[in-house]
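Residue numbers (my numbering), protein chains in the order written: chain W, 1 to 351; chain X, 352 to 702; chain Y, 703 to 1053.
Just so you know, even glycine gets a beta-carbon here, dropped at the ideal spot from N, CA and C.
Since the structure comes first, as C-alpha cells, the remarks are kept for the end.
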Amino acid sequence: MKFSLGQIAEIVKGTLEGDPSVVISEMAEIQNAGPGEITFLGNPRYAKYLSVTGAEAILVPRDFTGSYKNLIHVDNPNYAYALILARLRPGPPSPQPGIRPSAVIAESASLGRDVYIGPNVVIDEKVSIGDGVVLHANSYIGYDSHIGFGSVIFPNVTVYHGVRIGKNVRIHAGAVIGSDGFGFVRTEAGISKIPQAGGVLIEDDVEIGANCAIDRGTLGDTVIRKGTKIDNLVQIAHNVKIGQYCFLAGQSGIAGSATLEDFVTVAGQVGIAGHLTIGKGVIIAAQSGVSKDIAAGSTVLGSPAQDMSKASRELAHIRSIPDIKQRLKELEKRTRESYQATHGIKKAKND
Amino acid sequence: MKFSLGQIAEIVKGTLEGDPSVVISEMAEIQNAGPGEITFLGNPRYAKYLSVTGAEAILVPRDFTGSYKNLIHVDNPNYAYALILARLRPGPPSPQPGIRPSAVIAESASLGRDVYIGPNVVIDEKVSIGDGVVLHANSYIGYDSHIGFGSVIFPNVTVYHGVRIGKNVRIHAGAVIGSDGFGFVRTEAGISKIPQAGGVLIEDDVEIGANCAIDRGTLGDTVIRKGTKIDNLVQIAHNVKIGQYCFLAGQSGIAGSATLEDFVTVAGQVGIAGHLTIGKGVIIAAQSGVSKDIAAGSTVLGSPAQDMSKASRELAHIRSIPDIKQRLKELEKRTRESYQATHGIKKAKND
Amino acid sequence: MKFSLGQIAEIVKGTLEGDPSVVISEMAEIQNAGPGEITFLGNPRYAKYLSVTGAEAILVPRDFTGSYKNLIHVDNPNYAYALILARLRPGPPSPQPGIRPSAVIAESASLGRDVYIGPNVVIDEKVSIGDGVVLHANSYIGYDSHIGFGSVIFPNVTVYHGVRIGKNVRIHAGAVIGSDGFGFVRTEAGISKIPQAGGVLIEDDVEIGANCAIDRGTLGDTVIRKGTKIDNLVQIAHNVKIGQYCFLAGQSGIAGSATLEDFVTVAGQVGIAGHLTIGKGVIIAAQSGVSKDIAAGSTVLGSPAQDMSKASRELAHIRSIPDIKQRLKELEKRTRESYQATHGIKKAKND
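This is the structure:
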C-alpha cells in the first residue's frame, strides 16, 4: 500500500509541515527509516536519532518544536503510528472461512457463519462458536464452552470445559484457559483435591498473550472484564476478578480470589497475593510483590510493595547509611575528645 | 444432585445446628450464596459476609460461636467444602474409553484397558499406557515413556522420550515434561551442548499445572515424588529432586540439581538456586530468592532469602532509618552546642 | 556403547592416571556411580563424594591432586563429560526422514531433502523448510516462515507467520515464536491495538527452551543472534535484540526494544526493562530487576540492579543497622551524662 503525506495527515488528523505530495510506502523505526518511509517520535529517548534518520517524514507531538523536511504534528504519535501501520502493512492474509478436513468437531457443537476451523482443531460436545470466529490449527475447545463473534484463537491453545469467551477476543498460541485452580487441603490422609467446579468468563475485546495460564474458578468464575489486555506467560489463579481495561504485563501472576478493579496496570513479573483488592487505576511497578490491599489511584513499588514515594524514600534512606556511619564516627570522635578534655585523659595510642 | 442438610452433615462428619430436612442443590461463595445453597467459612477474611449472605447453610469450624439459621460444625471447613462440592457438581462427563480415529499410535506402543485416547493424540514407539489412562486431544507421548494407571493428561501436553509417570497423576494443558535441561559449556569453539541423557520420574498422585516445564536429567533423572502438587508455569530444571507432598505455587522456579525434601511449601514466583538442599517442611514465602541450603522446618523470606524473623527484623531496621537520622541530628546539635558552650564560640550565621 | 579408559582419555584429550584397559559402559553422577561407570568432578561442591563413590574412573581438572584408582585429568571436566556422554548414550533413535500421513502441508510450501514432518504437523502457505529439518508432532509453522538446515522443532511448538529461523536451531516443546508484541495505546475510545507488523529473526545454533514466548517486532524484527541459548519459560518482548552467544536462564523476561549485546549472561527470573542496552559480557544475577543501561563487562545484582560490589556493600550496610543503633544509644547516653555533669542535673527517675 502507498499513501501521500497529505492522505496520511488526514488519516491521523494531523497538521502537515511539509510536502503533501510525497509518497510513503513503508514505516520504519526512526534509527532505520529511509527514503519512502515514515517514522514517529513516540518516546523522547529516540529524539537523539532525529539528526541521523533518513525518514521521508516523522509523526511528532503537537508541541514538537524541532524542524525536519516533513513533519506531521499529532495528538498522540503512538496512536498515529498504529493507524498508519495498519494501513501500510495489512498483515498476512486472513484464513478463508471454512472447516479444514482434519478438524474434529463433536456432533452437538454449533458453529456460526463464516467461521474458520483450522487443521486438527478439536471441538468438544455442546461447544458453541459464534459468527466469524477463527480457530487456528491444533487448538482444543472443551465441553460446553462458548466463543463469541469475531474472536481469534491462535494455534495450540487449550480452552477447557465451561469457558465463556466474548466477542473480538484474541487468545495467543499456547495459552491455557480453564485449567484447574491450585486448590488442595492437607488432611490426615495426605492431600485432598478441592474440586474446581467454577468456570471462566472472558468478556469482549480481551487479548491474552502466548502461554498464559488462566485457571477456572472453584465455585464461581474466574472473570476478566471487557477490554483488558494480558501479555505472555501470565498466571491468573482461580476466582480472580480482573476489571475492565486493565493491562497485565509479561510474567505477572495474580493469586487466587484477588480482585483488580478497572484500569489497573500491572508491570512485568509482578506478584499479587490472594484475596486482595487492587483499587481502580492502580499502577504496580515491575517485579513488585503486593501483599496488602492497594487504594484506588496509587502507584506502588517493591516487594513488599508500598507507595512509590515511600519506596523511593526508603531506597534513599538505605543509600544514606554510609553517610550516617560517617556522621556517627565523627560524633564518637568528638564525644571521646570532649570526654578526654573534661577528664584530662590523654588520647590512647591505638585510637 | 441434591442432598438434605442431614445427609450433608453425615458426609462431612459434622454437627448440624439447624433443620436436617432442608434441601441443598448448589454451593456458592459466601458473598453470593442464596436459597438452596450451602457455603463455607474457610478463611476468617470472609466472616464479614455472615451478615449479608443468603445461604441456606454454612460449614463452619468446630469452635465457631456465631449464630445462623443452619450451621454445620466441622473439623476443617475447606475439606468439608471439597467433599460436598465433589458431590454437588460431578463435573463434565468423563470421556468414554476408546481410541479416537485421528489418534496416531505407534505399532510398538502398548495400551492398557479402558483407556481414552483423544483426537490427534500422538503416541510414539515403545510407549506403554496403563489401564484407565485418559489422554486428551493433541497431546504427544514420546518414545519409550510410560504413563501409569488412571493418570489424566490434558490437551496439548508434551511428554518427551524416557519419562516414567506413576498412577493417578494429572498433567494440565500445555505442560512439557522431559525437555532438555539447560546444560552448556563455554569452550574455545563457542558453546558446546551437554547431552541431556537422563529421564524424568513422576510418582503417583502428582498434579502438574498448565504450561509448566519440567526438564529431563542430564545423567540421572529429574524426580518428583508421590503426592506433590505443582501449580502453573513452574520451571523444574534438570536433575532436581522434589520430595513427597510438596506444594509449588505458580511461576516458581527450581534450578538444576536442587533437592527439596518432603513437605516443602514453595510460594509463588520463588526462585531456588542450583545444587541446594531445602530441608523437610520448609516454607518459602512468595518471591523469595533462595541462595543457600535451608534447614528443615524453617520459614524463609526475601531475596536473598533468610529466616522469616530475621527478614522481618531487617525490614523493621530499614524502616527505622528516618528515626536514626533524627536522633543523629539531635546529637549533632547537642554536641555542637556543648562544644560552643565549652569554647565560648558564637553560633555561625549559616549554621 | 562401551569404551576402554584408554579410548576415553583420547576422546577427551586427557591424561590417564590408571589402567587403560578398564571398560566403561555408562556414566553416572558421582554420588551414584558404580562398577563400569565413569563420573566427573565438575563442581567442587561434589568433592565430598570422592570417598564414597563406586565409580570406575573420574574425570578431574588438570590440577586435581587427590588420588583414586582411575583418574583422567582434563582441561574442563564439564566439557569432557559432555563428550563422553554423547558417545555412551546416543539418545533415542532420530526419526527417519519422511512425511507422516496426518501432516497438513499447504500447496505453496516448499520442503527440503531428508526432512521429517511428524504427525499432525501443520505447515501453512509459502513456508520453506530446509534440508534435514525435523518437525515433531503437532507443531504449527505459519505463513511465509522459513526454517533452516538441520533445525529441530519439538512437539506443540507454534511458529507464527513471517519468522525466519536459521540452521541447527532447536526449539523445545510448547514454545511460541512470533506472537503479537504487547503494544496498545490508551485513547479516548478505550484502548487501541498497535499492529505488530514486524517479524522474528533467529540465527544459527540458537536453542530455545520449553514454553518460551518470543514476540514478533512491531515494525522491525525481534532478533536473536547466532549461538544464543534460552532456557524454559522465558519472555522476549517485541523488537528485543539479543546478541551472539548469550545465555538466558529460566523465567527471565526482556521487555520491548531492549538490546543485549554479545556474550551476556542472564540468570533465572531476571527482568530487564524496555529500551535498555545491556553491554557485552554483562552478567546479571538471579531475580535482578534491571532498570538502567548496563556497561559492558559489569556484573549486576538486585532490584533495582546495581554493580555487584555496590549491591554487596549495600546489603552489608543494611545488616549493620543494629550496630548503628547500638552506637547511637551509647552516644545518647554519654551525651546525656555529659550534659547532666556539666549542668548538675540529677538523672530523672524514668530515664
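Compare the C-alpha of residue 980 of chain Y against each of Y/973, Y/995, Y/970 and Y/989 and name the closest. Mapped onto the third sequence, residue 980 of chain Y falls at position 278. Comparing Cα positions, the closest option is Y/995.
Mind pulling the chain W residues with CB within less than 9 Å of residue 953 of chain Y? For the purposes of this step, residue 953 of chain Y is identified with residue 251 of the third sequence, where counting begins at 1. Neighbours of residue 953 of chain Y on chain W, chain order: 233, 251 and 269.
Are the CB atoms of residue 478 of chain X and residue 492 of chain X nearer to each other than 8 Å? On the second sequence, position 127 is the one that residue 478 of chain X refers to. On the second sequence, position 141 is the one that residue 492 of chain X refers to. Yes.
Along the alpha helix (DSSP H) that carries residue 1044 of chain Y, what are the first and last residues, could you check? Taking the third sequence and counting its residues from 1, the one referred to as residue 1044 of chain Y is at position 342. Its alpha helix (DSSP H) spans residues 1023-1045.
Contact with chain X by residue 122 of chain W, beta-carbon distance below 8 Å: Within the first sequence, numbered from 1, the residue matching residue 122 of chain W stands at position 122. Yes, its Cβ sits closer than 8 Å to a Cβ of chain X.
Against chain Y, does residue 317 of chain W count as a neighbour if the rule is that its beta carbon must be under 8 Å from one of theirs? As a position in the first sequence, residue 317 of chain W is number 317, starting the count at 1. No, residue 317 of chain W lies away from the interface with chain Y (no Cβ there is under 8 Å from its Cβ).
Anything in chain X within Cβ reach of residue 1023 of chain Y, meaning under 9 Å, just list it in chain order. By one-based count along the third sequence, residue 1023 of chain Y stands at place 321. What residue 1023 of chain Y touches in chain X: 665, 668, 669, 671, 672 and 675.
Environment of residue 352 of chain X [buried if 16+ CB atoms lie within 10 Å]: Within the second sequence, numbered from 1, the residue matching residue 352 of chain X stands at position 1. Exposed, because fewer than 16 other Cβ atoms sit within 10 Å of the Cβ of residue 352 of chain X.
Evaluate the contact criterion for the segment 189-207 of chain W versus the segment 254-261 of chain W: three or more CB pairs, one atom per stretch, below 8 Å. No, the segment 189-207 of chain W is not in contact with the segment 254-261 of chain W.
Counting only beta-carbon atoms, is residue 321 of chain X nearer than 8 Å to chain Y? This structure cannot speak to residue 321 of chain X, because chain X is shown only from 352 to 702.
Extent of the continuous beta strand (DSSP E) run through residue 164 of chain W: Position 164 of the first sequence holds residue 164 of chain W. Where residue 164 of chain W is concerned, the enclosing beta strand (DSSP E) stretches over 163-165.
Determine, using beta carbons only, whether residue 179 of chain W comes closer than 8 Å to chain X. In the first sequence, counting from the first residue as 1, residue 179 of chain W sits at position 179. For residue 179 of chain W, the answer is yes, since a Cβ of chain X falls inside 8 Å of its Cβ.
Between which two residues does the beta strand (DSSP E) harbouring residue 926 of chain Y extend? Taking the first residue of the third sequence as position 1, residue 926 of chain Y is located at position 224. Where residue 926 of chain Y is concerned, the enclosing beta strand (DSSP E) stretches over 924-926.
Based on Cα-Cα distance, which residue from W/287, W/155, W/130 and W/118 lies nearest to residue 145 of chain W? The residue labelled residue 145 of chain W in the question sits at position 145 within the first sequence. Its Cα nearest to that of residue 145 of chain W, the residue W/130 stands out among W/287, W/155, W/130 and W/118.
Using a Cβ cut-off of 8 Å (strictly closer), state whether residue 644 of chain X contacts chain Y. Residue numbering aside, residue 644 of chain X sits at position 293 when the second sequence is read from its first letter. With 8 Å as the cut-off, residue 644 of chain X does not count as an interface residue toward chain Y.
Quick check on the burial criterion: 16 or more other C-beta atoms within 10 angstroms. Buried or exposed for residue 55 of chain W? As a first step, residue 55 of chain W must be located in the first sequence, where it is residue number 55. Counting every other CB atom within 10 Å of its CB across the protein chains shown gives residue 55 of chain W a total of 16 or more, marking it as buried.
Taking 8 Å as the CB-CB cut-off, is residue 509 of chain X touching chain W? Translated into the one-based positions of the second sequence, residue 509 of chain X becomes position 158. So, not an interface residue.
Going by Cα to Cα distance, which pick from W/105, W/100, W/106 and W/108 is closest to residue 119 of chain W? Along the first sequence, one-based indexing puts residue 119 of chain W at 119. Among W/105, W/100, W/106 and W/108, the Cα nearest to that of residue 119 of chain W belongs to W/100.
Residue 378 of chain X (DSSP reduced to helix, strand or coil): Mapped onto the second sequence, residue 378 of chain X falls at position 27. Reduced to three states, the DSSP call for residue 378 of chain X is strand.
Under a Cβ-count criterion, where at least 16 other Cβ atoms within 10 Å of its own Cβ denotes burial, should residue 648 of chain X be classed as buried or exposed? By one-based count along the second sequence, residue 648 of chain X stands at place 297. Residue 648 of chain X comes out exposed.
I'd like to know if residue 348 of chain W contacts chain X, where contact means its C-beta is closer than 8 Å to some C-beta of that chain. On the first sequence, residue 348 of chain W is found 348 positions in, with the first residue counted as 1. Interpretation of residue 348 of chain W is limited by its pLDDT of 49, a score under 50 that renders its predicted location unreliable; the figure taken from the coordinates is listed afterwards. No, no contact with chain X.
Applying the criterion that 16 or more other CB atoms from any shown protein chain within 10 Å of the CB defines a buried residue, is residue 73 of chain W buried or exposed? Residue mapping note: residue 73 of chain W aligns to position 73 of the first sequence, counting from 1. It is buried - the Cβ of residue 73 of chain W has at least 16 other Cβ atoms within 10 Å.
Does the CB of residue 245 of chain W have a neighbour CB from chain Y at under 8 Å? Stepping through the first sequence from its first residue, residue 245 of chain W is reached at position 245. Flagged as an interface residue toward chain Y: residue 245 of chain W, by a C-beta distance shorter than 8 Å.
Helix, strand or coil for residue 631 of chain X per DSSP? Walking along the second sequence from the start, residue 631 of chain X turns up at place 280. Three-state result, residue 631 of chain X: coil.
Rounded to whole angstroms, what's the CA-CA distance from residue 222 of chain W to residue 275 of chain W? Just pull it up for me. Position 222 of the first sequence holds residue 222 of chain W. Position 275 of the first sequence holds residue 275 of chain W. Cα to Cα, the separation comes out at about 13 Å.
Do residue 178 of chain W and residue 162 of chain W have their C-beta atoms closer together than 8 Å? As a position in the first sequence, residue 178 of chain W is number 178, starting the count at 1. As a position in the first sequence, residue 162 of chain W is number 162, starting the count at 1. Yes, Cβ-Cβ distance for residue 178 of chain W and residue 162 of chain W is below 8 Å.
Along chain X, in chain order, which residues have C-beta atoms closer than 7 Å to that of residue 191 of chain W? On the first sequence, residue 191 of chain W is found 191 positions in, with the first residue counted as 1. Within chain X, the residues near residue 191 of chain W are 578, 580 and 596.
What are the residues of the segment 197-213 of chain W that lie near chain Y, defined by any Cβ-Cβ distance shorter than 7 Å? So the list reads 209, 210 and 211, given in the order they occur along the chain.
CB of residue 335 of chain W within 8 Å of CB of residue 1030 of chain Y, strictly: For this step, residue 335 of chain W is matched to residue 335 along the first sequence. For this step, residue 1030 of chain Y is matched to residue 328 along the third sequence. Between residue 335 of chain W and residue 1030 of chain Y, the C-beta gap is not smaller than 8 Å, which leaves the two residues out of contact.
Give the residues of chain Y in contact with residue 538 of chain X, contact being defined as C-beta atoms less than 8 Å apart. Here residue 538 of chain X is taken as the residue at index 187 of the second sequence, counted from 1. Within chain Y, the residues whose beta carbon sits less than 8 Å from that of residue 538 of chain X are 778 and 781, listed in sequence order.
How many angstroms separate the CA atom of residue 381 of chain X from the CA atom of residue 744 of chain Y? Within the second sequence, residue 381 of chain X is the residue found at index 30, counting from 1. Within the third sequence, residue 744 of chain Y is the residue found at index 42, counting from 1. Approximately 57 Å, taken between the alpha carbons.
Should residue 533 of chain X be flagged as near chain Y, meaning a C-beta pair shorter than 8 Å? If you number the second sequence from 1, residue 533 of chain X lands on position 182. It does: the Cβ of residue 533 of chain X has a partner Cβ on chain Y nearer than 8 Å.
From what residue to what residue does the beta strand (DSSP E) around residue 759 of chain Y run? As a working note, residue 759 of chain Y is residue 57 in the third sequence. It spans 759-763 - the beta strand (DSSP E) in which residue 759 of chain Y sits, taken as one unbroken run.
Got a sec? Which residues, its chain only, sit under 6 Å from residue 459 of chain X by beta carbon, not counting five neighbours each side? Locating residue 459 of chain X in the second sequence gives position 108, where the first residue counts as 1. The residues are 476 and 477.
Can you tell me whether residue 537 of chain X is helix, strand or coil according to DSSP? For the purposes of this step, residue 537 of chain X is taken as residue 186 along the second sequence, with counting starting at 1. Looking at residue 537 of chain X - three-state DSSP - the assignment turns out to be strand.
Nearest chain W C-beta to residue 738 of chain Y closer than 8 Å, yes or no? Stepping through the third sequence from its first residue, residue 738 of chain Y is reached at position 36. By this cut-off, residue 738 of chain Y is not an interface position.
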